[in-house]
Ligand code: GP9
Ligand code: MN
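In the working numbering, the protein residues as written are 6 to 639.
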């Protein structure tokens, strides 16, 4: 081919591209405008962190949206694009206002539970900003243009051509999105389903994709749960609950809490092995060790969290229901009715409050605390954030300010406090203390020991203050860890620290305990209780002490009866004598750690516990507490 021929070809290609763009100028303008808006929203919600590869999923989501415009004929196409722009602009402004209040993004569940949302509707004025007009200015500029465009546009593209364009643009968008979602699922496997940190997720996949994933999760759950349960299944669940919630012959500790305040402290990543343990010749948790001696201390208390992590610990402790099969109950089941600790205490004229020094929307707390009937939620907005470590307000400031708030609470009250500073990856706390971890300096476990040592000091001060202020005289305190601190990836560091020669599943389970301290006025009932217990058991135990009705609880009263059942969400369990590990389908003798063969009895037990998890899933999926309590009222 001659040079002139090549030039000619090049010109032809350029001409074709130009024609293509010109013929689709409405779509091109739409894409550019929406891209600018979405990127500016990302900047508005990112506090320092902005994953720059977010441009790909954002572009992909715009292509997916724009692809649908090809399905419209003639001037209807520009109307579709214009309406899509209006809807998107409203969505972005609403999300921005929600963000300014809750530091979070709206979800279908949150909108559906709008009545549960505190603050935002009543403070629209304070969260709206003139800057937001920026998101709608194009609508006014484009309106006359669309009119002109509609008049001039008479080239009607044939259906097959439009369909091909639709499929190509859609496929490109879906392809890019698939890569972006794969990247998220590799980095944080449960983020797309559990949605623990929605702002982080939005910073990775963009606003449109976030709403698509959220709607997908919501719809798929609704479809899954739309089928009514057969009558026999409902009966079986009811019978199980009746059996499980029967009061035992014993009457230990019955009603001893009546009229007293209840203070529950859930401590971030407080794992059992640090209690009464030393590093470099010093106690790791000297304050908790001191309080362990003054409390009823459960040293075989297991955490049972699943995809909802911290929120699962809260969920179990306050409802005695198993965590969701996948994702987080705090997100998926936020529209359900609960027979929670707060609601039962409220029925006894208690004032109930939840306190946590992170943004209100994290783990959907702003919605879930309302659903669990807390009178008030004191989140980041309710504190003076004068010292920030890691994710939010430092434990020191949080506990000091919480104490001040509690002093003004109407008595009797239930205060549910959730600490934050000792959070993975445990690095932020380093400059706030001088705990010398010796040979562990600079290691993952060393950082954890420093972090938990810091939190121990703050807890010690808080508990001492409760005593000094005379609050302890009239309160029962429950303090426990939410979940593990050392993940499986770093288990070898833990085993080495503990001089464990084996690293089998039995050894792993041995360390999946969190401390539970129950403190009574006058340090009464202090001592160690070795019974096998778990987070599901806290509410039934407190229910007995505060004379609360027990109807829908799956856990057991730790102070009455002899059950030592601990069922984990993945089907593993402990029955007081054996440990069953579901992922290897193997049994261990709980005392010796020796492997045990499956017997008929053990198999029966396994089936029974699997059934129990299924009952809890059905109860959540079908909002059965609501159904059962309505039937009861009739
Ligand atoms: C956030 C805090 C941490 O507010 O509760 O949650 P986690 O990451 O531990 O599940
Ligand atoms: Mn946690």
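Note that the Cβ used here is the ideal one computed from N, Cα and C, for glycine as well.
Computed from a prediction, not measured in an experiment: that's the story for all the values here.
**Asked** Skipping 5 residues on each side, what residues in its chain have a beta carbon closer than 6 angstroms to that of residue 17?
**Response** Once the five neighbours on either side are set aside, residue 17 has no close Cβ partner at all.
**Prompt:** By DSSP, does residue 253 sit in helix, in strand, or in coil?
**Reply:** Three-state DSSP puts residue 253 in coil, outside helix and strand.
**Request:** Please confirm whether any heavy atom of ligand 2 lies closer than 6 angstroms to the CB of residue 273.
**Result:** For residue 273, the distance from the CB to the nearest heavy atom of ligand 2 is below 6 angstroms.
**Request:** Scan the stretch 503 to 549 and note each continuous alpha helix (DSSP H) run of 4 residues or more that stays entirely inside, going in chain order.
**Result:** Note on the stretch 503 to 549: whole alpha helix (DSSP H) runs with a minimum of 4 residues are 510 to 515, in chain order.
**Asked** Do the stretch 537 to 554 and the stretch 295 to 312 touch if we need at least three Cβ pairs shorter than 8 angstroms?
**Response** Using a Cβ-Cβ distance cut-off of 8 angstroms, the stretch 537 to 554 and the stretch 295 to 312 are in contact, since at least three pairs of beta carbons, one from each stretch, lie closer than that value.
**Prompt:** From which residue to which residue does the alpha helix (DSSP H) around residue 115 run?
**Reply:** Residue 115: member of the alpha helix (DSSP H) spanning 113 to 117, first to last residue.
**Asked** To which residues of the same chain is residue 226 closer than 7 angstroms at the C-beta, ignoring the five residues directly before and after it?
**Response** Within the same chain, Cβ atoms closer than 7 angstroms to the Cβ of residue 226 are found at 337, the five residues on either side in sequence being excluded.
**Request:** Could you please give the first and the last residue of the uninterrupted alpha helix (DSSP H) stretch that includes residue 168?
**Result:** Taken as a continuous stretch (DSSP letters only), the alpha helix (DSSP H) holding residue 168 covers 164 to 192.
**Message:** My output table needs one value for residue 45: the three-state DSSP class, helix, strand or coil.
**Reply:** In this structure, residue 45 counts as helix in the three-state DSSP scheme.
**Message:** Tell me which residues pass a beta-carbon proximity test against ligand 4: closer than 5 angstroms to any heavy atom, given in chain order.
**Reply:** Although ligand 4 was asked about, the structure shown includes only ligand 1 and ligand 2 as ligands.
**Message:** For ligand 2, is there any heavy atom lying closer than 6 angstroms to the beta carbon of residue 487?
**Reply:** Yes.
**Request:** Would you mind giving the Cβ-Cβ distance between residue 297 and residue 424, rounded to the nearest angstrom? I have them listed as a contact below 8 angstroms.
**Result:** So it is not a contact: roughly 17 angstroms between Cβ atoms.
**Asked** Taking Cβ positions, are residue 350 and residue 323 nearer each other than 7 angstroms?
**Response** Cβ distance not < 7 angstroms, so residue 350 and residue 323 don't count as in contact.
**Message:** Using only the alpha-carbon positions, how far apart do residue 602 and residue 609 sit?
**Reply:** Straight-line Cα distance between these residues: approximately 14 angstroms.
**Item:** Close-in-space but distant-in-sequence residues of the same chain around residue 121 (CB under 7 angstroms, 5 per side omitted)
**Value:** Its pLDDT being 48, under 50, residue 121 is placed unreliably in this model, and the value from its coordinates should be taken loosely. Within the same chain, Cβ atoms closer than 7 angstroms to the Cβ of residue 121 are found at 372, 375, 376, the five residues on either side in sequence being excluded.
**Request:** Output the distance between the C-alpha atoms of residue 512 and residue 65, rounded to the nearest integer angstrom.
**Result:** Those two C-alpha atoms are separated by around 46 angstroms.
**Message:** If the criterion is Cβ atoms closer than 7 angstroms, does the pair residue 318 and residue 427 meet it?
**Reply:** Taking 7 angstroms as the Cβ cut-off, residue 318 and residue 427 do not qualify as a contacting pair.
**Request:** Starting from residue 480, follow its DSSP beta bridges and name the residues at the other end.
**Result:** BP columns for residue 480 point to 266.
**Request:** Check the C-beta distance from residue 31 over to residue 82 and give it rounded, since I have them as a contact under 8 angstroms.
**Result:** Rounded to the nearest angstrom, the Cβ distance from residue 31 to residue 82 is 7 angstroms, consistent with a contact under 8 angstroms.
**Asked** Does the beta-carbon of residue 5 have 16 or more other beta-carbons within 10 angstroms, so that it is buried, or is it exposed?
**Response** The question about residue 5 has no answer, for the chain in this structure spans 6 to 639.
**Asked** Can you give the Cα-Cα distance for residue 113 and residue 104, rounded to whole angstroms?
**Response** A direct Cα-to-Cα measurement between residue 113 and residue 104 gives close to 15 angstroms.
**Request:** Specify the secondary structure class of residue 458 as computed by DSSP and reduced to three states.
**Result:** For residue 458, the secondary structure class from DSSP, reduced to helix, strand or coil, is helix.
**Request:** Determine, using beta-carbon pairs with one atom in the stretch 526 to 535 and one in the stretch 494 to 512, whether at least three such pairs fall under 8 angstroms.
**Result:** No: the two stretches stay apart, fewer than three of their Cβ pairs being nearer than 8 angstroms.
**Message:** Give me, in chain order, the residues of the same chain whose beta-carbon lies closer than 6 angstroms to that of residue 262; leave out the 5 immediate sequence neighbours on both sides.
**Reply:** Cβ within range, chain order: 481, 550, 551.
**Asked** Between residue 94 and residue 144, which are expected to be in contact by the criterion C-beta below 8 angstroms, what is the C-beta distance as a whole number of angstroms?
**Response** About 6 angstroms separates the two Cβ atoms, so the contact holds.
**Nearest-angstrom Cα separation, counted from residue 221 out to residue 206** = Approximately 15 angstroms, taken between the alpha carbons.
**Request:** Could you check what DSSP says for residue 591 in three-state terms: helix, strand or coil?
**Result:** Under the three-state reduction of DSSP output, residue 591 falls in the strand class.
**Request:** State the Cα-Cα distance for the pair residue 430 and residue 174, rounded to the nearest angstrom.
**Result:** Cα to Cα, residue 430 sits roughly 41 angstroms from residue 174.
**C-beta contact flag for residue 36 and residue 71 at 7 angstroms** = Against a cut-off of 7 angstroms, the Cβ pair of residue 71 and residue 36 comes out as a contact.
**Item:** Terminal residues of the beta strand (DSSP E) in which residue 421 lies
**Value:** Note, residue 421: beta strand (DSSP E), 418 to 423.
**Paired residues, beta bridge with residue 4 - DSSP** = There is simply no residue 4 to check, as the chain begins at 6 and stops at 639 in what is shown.
**Request:** Decide if the stretch 280 to 300 is in contact with the stretch 485 to 495; the criterion is three or more beta carbon pairs, one per stretch, under 8 angstroms apart.
**Result:** Verdict: no, contact absent.
**Asked** So what does DSSP say about residue 372, is it helix, strand or coil?
**Response** If DSSP states are grouped into helix, strand and coil, residue 372 belongs with the helices.
**Request:** State the DSSP-derived secondary structure class of residue 397, mapped to helix, strand or coil.
**Result:** It is a strand residue.
**Buried or exposed by the 16-neighbour rule on C-beta atoms within 10 Å, applied to residue 183** = Its Cβ having fewer than 16 others within 10 Å, residue 183 is exposed.
**Request:** Would you mind sorting residue 314 into buried or exposed? The rule is 16 or more other CB atoms within 10 Å of its CB.
**Result:** Classification of residue 314: buried, given that the 10 Å Cβ count is 16 or more.
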